[in-house]
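In what follows, a single structure is set out as structure tokens and then discussed.
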Amino acid sequence: MSTGSTNNLNQSQPDWSAESPTPDPVPNSADSGGRESKKHGPYKKRSLVWPHFKERYEATLCVRETENENGQTRTTLLSWKFDAELIRKKIAYMVIVDELPFKHVEGIGFKEVMRATCPQFRMPSRWTVTRDCYEYYLDERKKLKNLLRHNTSKICLTTDSWTSIQKINYMCLTAYFIDNDWNLNKKVLSFYPISSHKGVDIGQAVEKCLLEWGIDDVFTITVDNASSSNDTVVSYLRGKFVNWGKCVLEGKWLHVRCVAHIINLVVNDGLKKIGISIDCIRAAVRYVRQSPARLKKFRECAVVEKIESQKHLCLDCPTRWNSTYLMLDVAQTYERAFDRFALEDPYMIQDIDSIPTTTDWRKARYLNQFLENFYELTLKVSGSKYVTCNTFFQDISGMNAVLTNMMENDNHEVAAMAIGMKEKYDKYWGKIEKMNMLVFVEFVLLKMYGQHDGTNVAALAKDALVQLFSEYKKLNSPLEANSQASSSKSGAIEKDALSIDMDAGKRIQDMYKEEFKKRKIEAGGRDSKTELDKYLSEDCEDEEDDFRILSWWKINSPRFPVLSKLARDVLVVPVSTVASEAAFSTGGRVLDPFRSSLTPRIVQALIYTQDWFRPSESKVNMEEELEDLKALESGKVSLILCIY
Numbered sequence: 039m040s041t042g043s044t045n046n047l048n049q050s051q052p053d054w055s056a057e058s059p060t061p062d063p064v065p066n067s068a069d070s071g072g073r074e075s076k077k078h079g080p081y082k083k084r085s086l087v088w089p090h091f092k093e094r095y096e097a098t099l100c101v102r103e104t105e106n107e108n109g110q111t112r113t114t115l116l117s118w119k120f121d122a123e124l125i126r127k128k129i130a131y132m133v134i135v136d137e138l139p140f141k142h143v144e145g146i147g148f149k150e151v152m153r154a155t156c157p158q159f160r161m162p163s164r165w166t167v168t169r170d171c172y173e174y175y176l177d178e179r180k181k182l183k184n185l186l187r188h189n190t191s192k193i194c195l196t197t198d199s200w201t202s203i204q205k206i207n208y209m210c211l212t213a214y215f216i217d218n219d220w221n222l223n224k225k226v227l228s229f230y231p232i233s234s235h236k237g238v239d240i241g242q243a244v245e246k247c248l249l250e251w252g253i254d255d256v257f258t259i260t261v262d263n264a265s266s267s268n269d270t271v272v273s274y275l276r277g278k279f280v281n282w283g284k285c286v287l288e289g290k291w292l293h294v295r296c297v298a299h300i301i302n303l304v305v306n307d308g309l310k311k312i313g314i315s316i317d318c319i320r321a322a323v324r325y326v327r328q329s330p331a332r333l334k335k336f337r338e339c340a341v342v343e344k345i346e347s348q349k350h351l352c353l354d355c356p357t358r359w360n361s362t363y364l365m366l367d368v369a370q371t372y373e374r375a376f377d378r379f380a381l382e383d384p385y386m387i388q389d390i391d392s393i394p395t396t397t398d399w400r401k402a403r404y405l406n407q408f409l410e411n412f413y414e415l416t417l418k419v420s421g422s423k424y425v426t427c428n429t430f431f432q433d434i435s436g437m438n439a440v441l442t443n444m445m446e447n448d449n450h451e452v453a454a455m456a457i458g459m460k461e462k463y464d465k466y467w468g469k470i471e472k473m474n475m476l477v478f479v480e481f482v483l484l485k486m487y488g489q490h491d492g493t494n495v496a497a498l499a500k501d502a503l504v505q506l507f508s509e510y511k512k513l514n515s516p517l518e519a520n521s522q523a524s525s526s527k528s529g530a531i532e533k534d535a536l537s538i539d540m541d542a543g544k545r546i547q548d549m550y551k552e553e554f555k556k557r558k559i560e561a562g563g564r565d566s567k568t569e570l571d572k573y574l575s576e577d578c579e580d581e582e583d584d585f586r587i588l589s590w591w592k593i594n595s596p597r598f599p600v601l602s603k604l605a606r607d608v609l610v611v612p613v614s615t616v617a618s619e620a621a622f623s624t625g626g627r628v629l630d631p632f633r634s635s636l637t638p639r640i641v642q643a644l645i646y647t648q649d650w651f652r653p654s655e656s657k658v659n660m661e662e663e664l665e666d667l668k669a670l671e672s673g674k675v676s677l678i679l680c681i682y
């Protein structure tokens, strides 16, 4: 570095708002490139490092705090520089992720915040933000298309339909796949207006969406249990997938029924048998919640009875059993407070038909413990950020054990409820022929097959696994790859005679290796076992809470090249359509009564991009999603959504 630049660096930070005057040409200092100073002589040219140094110090240093997965805060010193385009992009990100209306950027409060934090930024209008959001969607769509183009695994789908406040029928199509790094991906591919809820119309909409995304390798499709339409959808798509030539076993196990919907049907049948006690408790909760004065008095009763629970009373939606479970879970802890409140409030017995008795509370506690099993199972199978297929059979086996135990209960009402639920359970899962065999196949793959009741189940599951493995072995046969490689080599040999001499020795060696391997298999050597036989003969992994099945397969995929491809496709099978219903919950918030004029194209862009932005480690709060769905069903959307 020159002396002049060294002196400048040693000085204090200069004022960049005033540039140095342009030097006048001096004949005697032409070679030095500067003007002559009376004191120091001619100035020398500044170093090439100077522009980078100036740009560095024009930025503002700031401290940023980031939080890692363990909750630890990390402080980083960064340089910040004003970038209007980046700020506009982040505003669009905020509108999409936080589900804000476009007019939010024109609000007085938001403008004041921006004036205080970044006064030189010129606020965009709502129309500009709308365009920015749509451009953001187009950029993210290109990234997702590129990811799908390089994906080598099969894709599993879930679909459901919904009618918006605009009276427009929407179909949501969600794709699940495990990428080449063995990471589970869940992406909404379509939030598309459809003409009706008929099976053929939904099937054609799914086909159109898949063609737009360039997807032709579908493994399964999970739908709810509206058999009148969804069976038609699956039948229509099975024919299309078979024609595309990439359907495994002619789509034999393409159809997967939503577990969450089946659980909902099973539990609702049981609640009908014991509804009187629930109605009494529901009426008491509704009465207490009707006014702030009653709530205050109820809290005083809880304090007198020395109830330490801080939970708030919640009212259920009768059509959703999970909300009934949450109501009973809180109400049964305040049993003594309800009894005291009934004594101190003379109007309670006049307003409700029957005050909950000791028998009602005893049934409520027993029912609450019973429903807890189904509630936890529903949350488990509704996850979209982890694989759910590998433990499905274990979960429904536990459900069968709970129902069988309840059928032998001394309480006749509880036993009658369990019998009704068991009948509904057997309708879907009572016989193995009614189930998708992939859930049993995955059970075998994870070494969790164990001892089953009846050799028929074991034989069918084993046969299904062998069929799948044979199919994947054909699709990934190394012999076919060698034949393709040899054919390409033969074409090159015809063009270049020199390559004949170079490749002749290698081809002879390969021929000897194949012949040696064949003789070894005939003699009953180690290679006579298939990958599946070797896998099933290994010891089971220890059952630990932090065991990650995808990481295990990623490490062991070189040992099981064909079986790992099968496992990657089977593991990704979703057993519920709750992820699609969560998109409808988002749609209900986006299309609230104050934003009902949004076009379907903008609605799609907002919902797609919000789903794609959601990080893989984030978890969907199922209780919040179910509350939103309950509000949508009860027609109280505006009451809930005003806060947005």
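Numbering of the sequence shown is given in this note's numbering, commencing with residue 39 and proceeding in unit increments. Cβ atoms here follow ideal geometry from the backbone N, Cα and C, with glycine treated the same way. Computed from a prediction, not measured in an experiment: that's the story for all the values here.
Reduced DSSP secondary structure (H/G/I, E/B, other) of residue i
i, result
"M161", "coil"
"Y214", "strand"
"E576", "coil"
"C100", "strand"
"W220", "coil"
"E250", "helix"
"I434", "helix"
"S508", "helix"
"L353", "coil"
"V226", "strand"
"P599", "helix"
"C171", "helix"
"N306", "helix"
"Q348", "coil"
"S614", "coil"
"H188", "coil"
According to DSSP, residues forming a beta bridge with residue i
i, result
"T568", "Beta-bridge pairing links T568 to no other residue."
"H293", "I259"
"Y208", "W200 and P231"
"E105", "T111"
Exposure of residue i, with buried meaning 16 or more beta-carbon neighbours within 10 Å
i, result
"D649", "buried"
"F229", "buried"
"L409", "buried"
"K128", "exposed"
"N218", "exposed"
"D307", "buried"
"A643", "buried"
"D262", "buried"
"R102", "exposed"
"S392", "exposed"
"I316", "buried"
"G529", "With a pLDDT of only 43 at G529, under 50, the local geometry of the prediction cannot be trusted, and the value read off the model is given with reservation. G529 comes out exposed."
"A519", "Confidence in A519 is poor, its pLDDT being 42 and thus under 50, which makes the residue's placement too unreliable to answer from."
Nearest to residue i (by Cα), restricted to the options the options
i, options, result
"L513", "T168, S420, L287 and I457", "L287"
"C156", "I125, V167 and F140", "I125"
"V616", "M445, K567, V440 and L417", "L417"
"R606", "S614, L292 and I587", "I587"
"C171", "F159, S191 and P139", "P139"
"Y510", "L604, K310, A122 and L182", "L604"
"A402", "N411, L415, Q370 and R374", "Q370"
"C355", "R337, V323 and E338", "V323"
"F598", "K567, S614 and D583", "K567"
"F412", "L182, R358 and V368", "R358"
"L227", "F215, L441 and V342", "F215"
Residue range of the unbroken beta strand (DSSP E) whose run includes residue i
i, result
"W118", "T111 to W118"
"I692", "No information on residue 692 is available, as it lies outside the stretch 39 to 682 that the chain covers here."
Segment limits, alpha helix (DSSP H) that includes residue i
i, result
"L417", "T396 to V419"
"S315", "G313 to R327"
"S199", "Careful: S199 lies outside any alpha helix (DSSP H), inside the beta strand (DSSP E) at I193 to T201."
"F585", "Segment: none, F585 is in no alpha helix (DSSP H) and carries neither H nor E."
"L458", "Checking the displayed sequence, the identity of residue 458 turns out to be Gly instead of Leu. First-last of the alpha helix (DSSP H) with G458: H450 to W467."
"R358", "Careful: R358 lies outside any alpha helix (DSSP H) and carries neither H nor E."
"F336", "P330 to V342"
"F651", "P638 to F651"
"D377", "E373 to E382"
"V425", "Premise fails: V425 is in no alpha helix (DSSP H) and is neither H nor E."
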